[in-house]
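What follows is one structure encoded as structure tokens, with my remarks underneath.
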Amino acid sequence: MAYEPKKQGLAAQIFDVVTLLVLTVGALYVPLYMGLAGAAKTPNPIENPTWEALGQNAAEQRQWEALGITDPASVNDMITARFDYSFSWAALIIMIVSVVGYFVLVVRLSDREYREVLDERFGSKRKGG
Amino acid sequence: MANITNDAAKPERLQLLRVLGPAHVWALGVGIVLVGEYMGWNFAVGKGGMIAGLVACWVAGLLYTCVAMIDSEVTSTVAAAGGQYAQAKHIVGPLMAFNVGLFLVMAYTMLEAANAITVGFLLDTVAGMTGHSGLHQQPFIVLAIMFLAWLNYRGVLATLTFNLVIVAVAFTAICVLFFAIQFGASNVPLDFSAVTEEPLPYGWLGIVASLHFGLWYYLGIEGTCQAAEEVRSPARSLPYGTMAGIMTLLIAATLTWYMCSGLIPWEYLGQAGTPLFDAARVTGNVWLMVLLFIGTIFATLASANGCINDASRAWFSMGRDRYLPSWFGAVHPVYRTPYRSIVFLVPIALIFALGAPLDQVVTFSILSGLLGYTFMTFNMVMFRRKWPLDTIKRGYVHPFHPLPTIILLILCSSAFFAVFLGYGTQLIAMMCFYIIASLWFHFRRYQYVRRGDQFTMPWPRPQGY
Chain A
12 MAYEPKKQGL
22 AAQIFDVVTL
32 LVLTVGALYV
42 PLYMGLAGAA
52 KTPNPIENPT
62 WEALGQNAAE
72 QRQWEALGIT
82 DPASVNDMIT
92 ARFDYSFSWA
102 ALIIMIVSVV
112 GYFVLVVRLS
122 DREYREVLDE
132 RFGSKRKGG
Chain B
533 MANITNDAAK
543 PERLQLLRVL
553 GPAHVWALGV
563 GIVLVGEYMG
573 WNFAVGKGGM
583 IAGLVACWVA
593 GLLYTCVAMI
603 DSEVTSTVAA
613 AGGQYAQAKH
623 IVGPLMAFNV
633 GLFLVMAYTM
643 LEAANAITVG
653 FLLDTVAGMT
663 GHSGLHQQPF
673 IVLAIMFLAW
683 LNYRGVLATL
693 TFNLVIVAVA
703 FTAICVLFFA
713 IQFGASNVPL
723 DFSAVTEEPL
733 PYGWLGIVAS
743 LHFGLWYYLG
753 IEGTCQAAEE
763 VRSPARSLPY
773 GTMAGIMTLL
783 IAATLTWYMC
793 SGLIPWEYLG
803 QAGTPLFDAA
813 RVTGNVWLMV
823 LLFIGTIFAT
833 LASANGCIND
843 ASRAWFSMGR
853 DRYLPSWFGA
863 VHPVYRTPYR
873 SIVFLVPIAL
883 IFALGAPLDQ
893 VVTFSILSGL
903 LGYTFMTFNM
913 VMFRRKWPLD
923 TIKRGYVHPF
933 HPLPTIILLI
943 LCSSAFFAVF
953 LGYGTQLIAM
963 MCFYIIASLW
973 FHFRRYQYVR
983 RGDQFTMPWP
993 RPQGY
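Protein chains in written order, with the working numbering: chain A, 12 to 140; chain B, 533 to 997.
Laid out in structure tokens, this is it:
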């Protein structure tokens, strides 16, 4: 016998949509508000910066000037800033487990739902199955 | 074709119009993605240097070629609105489909927000150049999203024809800039000395890290299959439009890297908001600056336009299947568009466009896209196993299976690691979001879904079931 889904009232529909919205906005904004988001570069400014001291050759100096930047001190931070790619192995393992675990969870639960769909669409292969 | 649940409201019985051809599919795919050449890709240079930016460009190109090959086969066979969502529903199961639907909506809505941010940033830059600094960007962000949502509301043919025109202009602008530089129109010559003087400022790890934003060159090309219910001949138009699109983008991406890396110091390029426009500024040629300004505006509008189109189709499809409230599954009685989904997603795009930094929004979009590409790997294997080649008719069969799938999985794993290197917290937050949403769907939402109605393709029972 075909599964007859429950009827959902308007309030419950709105509740479901709001739930998804809160989850979505939270996923982006919670790390932002906690100051955990993004990969900030760390500037390593040098004393008395000149184009040469900042490693900019003649051609690159012309490019900076064409971009409207003539004072090397104004881009001291930009040129000397670098990302820090050091990481903790524990964090990497947590990342791997969460991604792999997520896909395993979704595929397994999907498979249970999929079998119900097929049984209803094509008829059950197993008595009482 | 559209499958309408028995007790759906009357407006839901309407179907989307089949009015699009291969050129529209190309315009949809390239339109969403071409903005990646105008902004965002250059963060890959910042993450690893100039060579890393080029390697990321080509490695990501390989990843997306695999995506296009796999997607063309499955979509030419599962031709339904929602694209990969409909694929997941028929091949893996409802919960996977719900997740894929969310990947699509998140990736496209975030990309739409990123486009709107870029429009505001570019107008602010140009206002500053003309002596009117301090422009308020927010009204332009709101205006861009509202106008494009209105266009989408009014009809798909006009929307994608508009895209076709502005994408062609944006692509032509890249080619014109390239030839103009080659024929000496730039006051500043190309200089690639950083390639030899500072080839890999972060070593090989920088190449891996740069793959994060290398995806931005092509992100969204898979959106072509969202139009599956609105093209006249899905089996022909979708593979043709998608493959033509990825070829266009590979050319545009390589030209873009070449011009920008040769004209802009890598330290500036790695954080620039509008790199192609900046390259035009460096040439000192006013006509090229105007052309690339128009190209950037058109590319961002085309991308946001395509994103509204695709996100709303995915949201609409989930509403139609009751994965979300069925209210979203309605088609407009006159314009034949998923109008409620279009309108509903407008404020969500605005929340992100007005409140979050560009790199965060881009990362959110990339992560959702990346999860979708990872899904494609096992989806393809399951598709071939459940319905071997001789059991159902396919519009297109991609060659060398399972090689593209294996390559795609390896590249996706590398890209996850690349995102982890700089944005590990966002990655974990994103995974938490999808895990909680999955549990919510399985244990709460799925009770409102009709089981048998989920499988609408005229295929035999899958092997092994």
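Virtual Cβ for every residue (Gly too), placed ideally from N, Cα, C. All of these numbers come straight from a predicted model, not from anything done at the bench.
Span separating the alpha-carbon of residue i from that of residue j
i: residue 129 of chain A; j: residue 135 of chain A; result: 8 Å
i: residue 713 of chain B; j: residue 721 of chain B; result: 8 Å
i: residue 878 of chain B; j: residue 706 of chain B; result: 30 Å
i: residue 821 of chain B; j: residue 814 of chain B; result: 9 Å
i: residue 864 of chain B; j: residue 119 of chain A; result: 37 Å
i: residue 848 of chain B; j: residue 783 of chain B; result: 34 Å
i: residue 58 of chain A; j: residue 81 of chain A; result: 17 Å
i: residue 56 of chain A; j: residue 577 of chain B; result: 20 Å
i: residue 660 of chain B; j: residue 667 of chain B; result: 8 Å
i: residue 24 of chain A; j: residue 837 of chain B; result: 28 Å
i: residue 99 of chain A; j: residue 986 of chain B; result: 43 Å
i: residue 739 of chain B; j: residue 585 of chain B; result: 7 Å
i: residue 812 of chain B; j: residue 802 of chain B; result: 16 Å
i: residue 548 of chain B; j: residue 916 of chain B; result: 29 Å
i: residue 711 of chain B; j: residue 939 of chain B; result: 34 Å
i: residue 854 of chain B; j: residue 787 of chain B; result: 45 Å
i: residue 800 of chain B; j: residue 976 of chain B; result: 49 Å
i: residue 921 of chain B; j: residue 991 of chain B; result: 12 Å
i: residue 122 of chain A; j: residue 798 of chain B; result: 48 Å
i: residue 949 of chain B; j: residue 14 of chain A; result: 43 Å
i: residue 575 of chain B; j: residue 94 of chain A; result: 12 Å
i: residue 144 of chain A; j: residue 67 of chain A; result: Any question about residue 144 of chain A goes unanswered here, given that chain A covers just 12 to 140.
Nearest residue (CA-CA) to residue i, options the options
i: residue 550 of chain B; options: B/770, B/789, B/764, B/748; result: B/764
i: residue 639 of chain B; options: B/953, B/841, B/942; result: B/841
i: residue 873 of chain B; options: B/589, B/605, B/582, B/641; result: B/641
i: residue 958 of chain B; options: A/13, A/14, A/23, A/36; result: A/36
i: residue 911 of chain B; options: B/557, B/599, B/578, B/592; result: B/599
i: residue 744 of chain B; options: B/981, B/593, B/924; result: B/593
i: residue 732 of chain B; options: B/580, B/609, B/552, B/616; result: B/580
i: residue 603 of chain B; options: B/982, B/694, B/810, B/906; result: B/906
i: residue 988 of chain B; options: B/621, B/632, B/789, B/662; result: B/621
i: residue 741 of chain B; options: B/609, B/589, B/851, B/844; result: B/589
Any C-beta of chain B under 8 Å from that of residue i
i: residue 55 of chain A; result: no
i: residue 36 of chain A; result: yes
i: residue 106 of chain A; result: yes
i: residue 77 of chain A; result: yes
i: residue 42 of chain A; result: yes
i: residue 13 of chain A; result: yes
i: residue 124 of chain A; result: yes
i: residue 110 of chain A; result: yes
i: residue 138 of chain A; result: At residue 138 of chain A the pLDDT is 48, less than 50, meaning the model places this residue with poor confidence; the figure from the coordinates comes in the next sentence. So no, residue 138 of chain A is outside the interface.
i: residue 117 of chain A; result: yes
Contact set between residue i and chain C, taken where Cβ atoms lie within less than 9 Å
i: residue 87 of chain A; result: In the structure shown, chain C does not exist; the protein chains are A and B.
Any C-beta of chain A under 8 Å from that of residue i
i: residue 736 of chain B; result: no
i: residue 957 of chain B; result: yes
i: residue 717 of chain B; result: no
i: residue 855 of chain B; result: no
i: residue 535 of chain B; result: Low confidence applies to residue 535 of chain B: its pLDDT is 39, below 50, so where it sits in the model is not reliable enough to give any reading.
i: residue 984 of chain B; result: yes
i: residue 587 of chain B; result: no
i: residue 762 of chain B; result: no
i: residue 881 of chain B; result: no
i: residue 898 of chain B; result: no
i: residue 800 of chain B; result: yes
i: residue 966 of chain B; result: yes
Contacts of residue i in chain B (Cβ-Cβ under 7 Å)
i: residue 135 of chain A; result: Ordered by position in chain B, no residue passes the 7 Å Cβ test against residue 135 of chain A, which lies about 11 Å from the chain.
i: residue 102 of chain A; result: 956
Coil, strand or helix - residue i by DSSP
i: residue 875 of chain B; result: helix
i: residue 497 of chain B; result: Not covered by the structure: residue 497 of chain B. The range shown for chain B is 533 to 997.
i: residue 624 of chain B; result: coil
i: residue 540 of chain B; result: Its pLDDT being 40, under 50, residue 540 of chain B is placed unreliably in this model, and the coordinates cannot settle the point.
i: residue 782 of chain B; result: helix
i: residue 655 of chain B; result: helix
i: residue 763 of chain B; result: strand
i: residue 909 of chain B; result: helix
i: residue 53 of chain A; result: strand
i: residue 667 of chain B; result: coil
Under 8 Å from the C-beta of residue i: neighbouring residues of chain B
i: residue 70 of chain A; result: 720, 721, 723, 725
i: residue 16 of chain A; result: 854, 979, 980, 981, 982
Chain A contact residues for residue i, given Cβ-Cβ distances below 7 Å
i: residue 972 of chain B; result: 30
Proximity test, residue i beta-carbon vs the ligand GTP heavy atom, cut-off 7 Å
i: residue 655 of chain B; result: Among the ligands in the structure shown, none appear at all, so the ligand GTP cannot be discussed.
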